[in-house]
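Report on one structure; see the data block that follows.
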Amino acid sequence: MSTDTKSAAELATEIKAAHERAIGEVKSIADEALGKAKAGETLTTALKEKADEALLKMNGLTEQVAEMEQKLARGNGGRGEAEKSIGERFVEGEGFKSFQESGFAKSARGADLKIKATLTSATSNSAGSVGDAVAPTRLPGILELPQRRLTVRDLLSQGRMDGNSLEYVKETGFTNGAATVAEGETKPSSDIKFDLVTTSAKVIAHWMKASKQILDDVAQLRSVIDQRLLYGLAYVEEQQLLKGDGTGQNLNGIIPQATAYTPPLTLTDATSIDQVRLMMLQAALAEYPATGIVMNPIDWAFIETLKDSQGRYIIGNPQGSINATLWNLPVVETQAMTVDKVLVGAFRLGAQVFDRWDARIETAYVNDDFIRNLVTILAEERLALAVYRPEAFIYGDFGRVA
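Per my numbering, the sequence shown starts with residue 766, numbered consecutively.
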């Protein structure tokens, strides 16, 4: 292989090998000169010339090695000059220079080099690797994932139920025939209609397995698992209360039964704030005054940052701490609500959630858990939703998203 086709690393290896041989030759001459000096013999001119020639050769190779290592260091991310080899440090040391200047005289002290390993954080078996002695800093506890704030259930009336089915009678029509009546005339009649509505309790559940050892070894883990499992139930519950489609094991949620938004009157250049007020009006005209507003946090942020023609916030106050309200009604922000959608309604009058089983955690052995030192941790709840008055809920969109 020619030098033109050799890589820098291969050339460096060859130069270092030649350098080591030159160092060996210099050491050999030095040992010979030291032996003659101890025996009282005079160093010959030939030996001195041989020593000088070996030193010149070694010094030349030393410069090549240093230059090559610097080039390799710059080519490897520019992290500065390469560390000098042991041979370089030996011949550049004061001990060897003094021994050389004395002509390798018998009375000279000789030359030596003390090599100390550089301590690093490496964990290998090389000299100076002390990384295994470094202890990590471990923060106590477990950093949990964030949790969504769940609040839709709080808007509804709460109840309990027995059995699996929930039945209630709902008024579906009323014709008011009341009128003034003259003396002796027949009094008018009115009509009223009722419908029997039946719904059933639905189970929301999930589980996970854990070893008995890890539950004993990590004291906080059991509480984290329990809390996460309960949060998972509440997360799905909020979705079901709002959007459950009533098929299969889904609740019949509020939105699928709500009344579509139809503006009772037309406003010029109506804003999102105006629309919410008109939705409240629609509920009030149906004799169900609204008690709450549900929307996505993105839509509430849009409303809070609306400004007038002078750049002043219409309802928002960056330095204020007042709870989220609009037209004197509480605003519930939840990502369970689709962006650009809004629900306004008389929540406590119009719907009620019934608990058959409160959310609970149970632990048991399943299949071969016992012989595997495993436990199965189950979280479940059972509930039903009754939407008594669909007219009490008005559902629509702001129209900002195509």
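Don't be surprised by glycine CBs; every beta carbon is placed ideally from N, CA and C.
Taking a contact to require three or more Cβ pairs closer than 8 Å, the segment 1110-1128 and the segment 1053-1065 qualify as touching. Between residue 935 and residue 1153, the C-beta spacing is below 8 Å. With fewer than 16 neighbouring CB atoms inside 10 Å of its own CB, residue 1122 falls in the exposed class.
When rounded, the separation of the alpha-carbon atoms in residue 1000 and residue 1106 is 19 Å. For residue 1040 and residue 1163, the gap between their C-alpha atoms comes out near 8 Å.
A distance below 8 Å between beta-carbons, with the five flanking residues on each side excluded, links residue 1117 to the following residues of its chain, in chain order: 921, 922, 923, 924, 1150, 1151 and 1153. With respect to the 8 Å criterion, residue 1104 and residue 1166 are classified as neighbours on the basis of their beta carbons. Between the C-alpha atoms of residue 1064 and residue 1094 there is a straight-line separation of about 16 Å. In this model, residue 1089 and residue 1125 are separated by some 32 Å (Cα to Cα). Contact annotation: residue 1019 and residue 1091 have beta-carbon atoms that are not nearer than 8 Å.
Judged by DSSP in its simplified three-state form, residue 1045 adopts helix. Distance from the CA of residue 827 to the CA of residue 889, rounded to the nearest whole angstrom, comes to 29 Å.
In the DSSP assignment, residue 961 forms a beta bridge with 934. In the structure shown, the three-state DSSP call for residue 1034 is coil.
With fewer than 16 other beta carbons inside 10 angstroms of its own, residue 1135 counts as exposed. Put simply, of 919, 780, 832 and 862 the residue whose alpha carbon is nearest the alpha carbon of residue 792 is 862.
The Cβ atoms of residue 1048 and residue 1159 sit closer than 8 Å to each other. With 16 or more other Cβ atoms from the protein chains shown falling within 10 Å of its own Cβ, residue 1043 counts as buried. Counting only residues of its own chain and dropping the five nearest sequence neighbours on each side, residue 1138 has a CB closer than 7 Å to the CB of 976, 977 and 978.
The beta carbons of residue 987 and residue 998 sit about 17 Å from each other, so the pair does not count as a contact at 8 Å.
If you check the CB distance, residue 1101 and residue 1003 come in under 8 Å. Annotation for residue 1154: no alpha helix (DSSP H) segment contains it, and DSSP assigns it neither H nor E.
Cβ atoms of residue 1015 and residue 1005 come within 8 Å of each other, at about 6 Å. For residue 994 and residue 965, the gap between their C-alpha atoms comes out near 23 Å. At a Cβ-Cβ threshold of 8 Å, residue 938 and residue 952 do not count as neighbours.
With fewer than 16 other Cβ atoms inside 10 Å of its own Cβ, residue 1050 counts as exposed. A straight line joining the alpha-carbon of residue 1062 with that of residue 1070 spans about 12 Å. Partner residues in a beta bridge of residue 1105, as assigned by DSSP, do not exist. Under the 10 Å beta carbon count, residue 1146 is surrounded by 16 or more other beta carbons and is classified as buried.
Under the 10 Å beta carbon count, residue 1037 is surrounded by 16 or more other beta carbons and is classified as buried. Distance check between residue 990 and each of 963, 1128 and 858 places 1128 closest, using alpha-carbon atoms only.
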